[in-house]
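K.L.:
Going by this note's numbering, the sequence shown opens with residue 0, and the numbers climb by one from there. Sharing a structure with you now.
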Amino acid sequence: MSKVLVIGCGGVASVAIHKCCQASEVFTELCIASRTKSKCDALAAKLAPTTKTKLTTAQVDADDVDQLIALIKGYGPDLVMNIALPYQDLTIMDACLACGVNYMDTANYEPENTDDPAWRAVYEKRCKEEGFSAYFDYSWQWAYKKKFEDAGLTALLGCGFDPGVTQAYCAYAAKHEFDTIDTIDILDCNGGDHGYAFATNFNPEINLREVSAPGSYMQNGRWVEVPAMSIKREYDFDQVGRKDMYLLHHEEIESLGKNFPGVKRIRFFMTFGQSYLDHMRCLEDVGMLSTTPIEYNGQQIVPIQFLKALLPDPASLGPRTKGKTNIGCIFTGTKDGQPKTWYIYNVCDHEACYREVGSQAISYTTGVPAMCGALMLLTGKWNQPGVYTVEEFDPDPFLDALDQYGLPRSVNAAPALVD
Ligand code: NDP
């Protein structure tokens, strides 16, 4: 029996809410709150006839802590699931602390305005000290650790697929498969085809910021940064086939480096087709990926936000996308004194996701882990006061829940390695 407040009603939230409604014995009451209430009302109306979960909706601007506090106090949830945008992580954490409620999200904090001088000063110091220049990092949310500990509340960060399930795979490998882990390669392959020349699979602004940034990986506890898309490999993915993939900076490398300090190298690769890369380079070259506002016809516009308005809504890709995703981790290390390699991954079919919940697999592979993370918090399996990433909790019940709710794991005990 629990009451959950979900903030956000986009592609990922919609899947998470569908899945919560499939487990109405745990998610007895759920309020969907977002900036645009009509989207929440439409989803609640669609799901109400199919579930015992009691659904309500609300309007909220999650950039405004006072509005959030009023909403949380009025509804009285056991957990707030932040599935809006990373820009709202800190305001929602503040509101949860003020109201004494547990918190979770699917992506770590980054600011909407990267020209804000106060943020920029902290960012530039971090770039110099840490050696990576992505706009997002965990420091802002890890700074809340003591506050959550003192309040006896849990904050679970980054519980999607990557970050999220990939860290549970690492925790599982460390717990069951290896005595020592030397290297971790996280491979994110999207073999889906939506038929558009260019579209992003989740929020375009967040997605394009991520992939146009310099790549980086961790080697012997230190960041190594390389120009965007400068490290390319080819890999033959189970049920997808051969794909080009590129090394990216990705947020879970930072927390894995902290929580598995003995691992010598941690890398992240994502597949991209040539058409996507050509479009992205062109958009970048003409300034369309900029987050700095420009004056146009007497109005301030942010180029990347204008671009978002032009691109297909990721939620609209569902009915058009065919093919599969394959996301997982390859480990090297030792077990019982012998060298060992091991690969754990999930394969997810875009069309099957659409049939089940009306979304493509990228939203599905993020929304299902968000629901399973909520399940861990609501059933007392992952409750521990403080601020945590997924690899800090017992992976077993979480991976069992993923198997049950649509993202079953596959294992290869003799995988091809990435050089
Ligand atoms: P969408 O853009 O589809 O949805 C975002 C939702 O948040 C929309 O409903 C939007 O409202 C709402 N929102 C935005 N700003 C506010 C605000 N100020 N107040 C209230 N609501 C707001 O994004 P996605 O569903 O694609 O992504 C959701 C999250 O999941 C993102 O943080 C993304 O980074 C993360 N993600 C994580 C992945 C992982 O594997 N860990 C993978 C993919 C995504 P409106 O409808 O009015 O715009």
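For each residue, glycine too, the CB sits at the ideal point set by N, CA and C.
What residues in its chain sit with their C-beta under 8 Å from that of N382, if we drop five residues either side in the sequence?
P.N.:
Sequence-distant Cβ neighbours of N382 in its own chain, meaning closer than 8 Å and more than five residues away, are N101, T153, L376.
K.L.:
Based on the DSSP output, what are the partners of P338 in its beta bridges?
P.N.:
T333
K.L.:
Just how far apart, CA to CA, sit A415 and A44?
P.N.:
47 Å
K.L.:
Helix, strand or coil for Y387 per DSSP?
P.N.:
strand
K.L.:
Return the first residue and the last residue of the alpha helix (DSSP H) that C169 is part of.
P.N.:
Here the alpha helix (DSSP H) through C169 covers 164-171.
K.L.:
What do you get for D104, buried or exposed, if any count of 16 or more other CB atoms within 10 angstroms of its CB means buried?
P.N.:
Counting Cβ neighbours within 10 Å, D104 comes out buried, since at least 16 surround it.
K.L.:
Rank T291, P226, H193, M92 by C-alpha distance to the C-alpha of R119 and give the top, closest one.
P.N.:
T291
K.L.:
State yes or no: is the C-beta of S37 nearer than 6 Å to some heavy atom of ligand 1?
P.N.:
no
K.L.:
Just confirm the distance between the C-beta atoms of F160 and T364, as a whole number of angstroms; I'd bet it's less than 8 Å.
P.N.:
4 Å
K.L.:
Between I265 and E350, what straight-line distance do the alpha-carbon atoms span, to the nearest angstrom?
P.N.:
In this model, I265 and E350 are separated by some 32 Å (Cα to Cα).
K.L.:
In angstroms with no decimal places, state the Cα-to-Cα distance between L401 and V164.
P.N.:
9 Å
K.L.:
Would you mind stating whether E251 and D243 have Cβ atoms separated by less than 7 Å?
P.N.:
Annotated as distal: E251 and D243, with beta-carbon spacing of 7 Å or more.
K.L.:
Please determine if the segment 129-136 and the segment 204-218 are in contact, where contact requires at least 3 C-beta pairs separated by less than 8 Å.
P.N.:
yes
K.L.:
Taking three-plus beta-carbon pairs below 8 Å as touching, is the segment 176-196 in contact with the segment 139-146?
P.N.:
no
K.L.:
Inspect the beta-carbon positions of L310 and Q359 and report whether they are closer than 7 Å.
P.N.:
no
K.L.:
Which residues share a DSSP beta bridge with R232?
P.N.:
M244
K.L.:
To the nearest angstrom, how far is it from the Cα of E294 to the Cα of V59?
P.N.:
29 Å
K.L.:
List the endpoints of the continuous alpha helix (DSSP H) containing N411.
P.N.:
Taken as a continuous stretch (DSSP letters only), N411 belongs to no alpha helix (DSSP H), being part of the beta strand (DSSP E) at 409-411.
K.L.:
Can the beta-carbon of V389 be found closer than 7 Å to that of A83?
P.N.:
no
K.L.:
What's the gap between the Cα of D93 and the Cα of G336?
P.N.:
Taking the straight line joining both Cα atoms gives about 47 Å.
K.L.:
Which one of S13, F177, F305, G194 has the shortest CA to CA distance from S274?
P.N.:
Measuring from the Cα of S274, the nearest candidate turns out to be G194.
K.L.:
Going by the CB atoms, is the gap between I361 and F197 shorter than 7 Å?
P.N.:
Contact flag unset, no.
K.L.:
Regarding R264 and ligand 1, is the C-beta to nearest heavy atom distance less than 6 Å?
P.N.:
no
K.L.:
Can you grab the Cα-Cα spacing for the pair R280 / E176, in whole Å?
P.N.:
41 Å
K.L.:
DSSP puts C8 in a beta bridge; with which residues?
P.N.:
Beta-bridge pairing links C8 to no other residue.
K.L.:
Which of the three DSSP states is assigned to T113 in this structure?
P.N.:
coil
K.L.:
Indicate, with yes or no, if ligand 1 has a heavy atom lying under 6 Å from the CB of L84.
P.N.:
Checking the Cβ of L84 against ligand 1 gives yes.
K.L.:
Following the continuous beta strand (DSSP E) through A41, name the residue where it begins and the one where it ends.
P.N.:
Counting along the chain, A41 falls outside any beta strand (DSSP E), though it belongs to the alpha helix (DSSP H) covering 36-46.
K.L.:
Does the beta-carbon of N345, which I'm using as the reference point, lie nearer than 6 Å to any heavy atom of ligand 1?
P.N.:
Outside the cutoff, so no.
K.L.:
Is L42 closer than 7 Å to S13 when the C-beta atoms are compared?
P.N.:
Cβ distance < 7 Å, so S13 and L42 count as in contact.
K.L.:
Just the C-alpha distance for S37 and A412, rounded to the nearest angstrom, thanks.
P.N.:
48 Å
K.L.:
Can you give the Cα-Cα distance for C98 and K51, rounded to whole angstroms?
P.N.:
If you take the alpha carbons of C98 and K51, they lie about 27 Å apart.
K.L.:
May I ask which residues mark the beginning and end of the beta strand (DSSP E) holding Q298?
P.N.:
298-300
K.L.:
Per DSSP, what kind of secondary structure is S138 in: helix, strand or coil?
P.N.:
helix
K.L.:
What three-state label does DSSP hand G159 in the structure shown?
P.N.:
strand
K.L.:
Within 10 Å of its beta-carbon, does E479 have 16 or more other beta-carbons around it, so buried, or fewer, so exposed?
P.N.:
An answer regarding residue 479 cannot be provided, because it is not within the stretch 0 to 418 covered by the chain.
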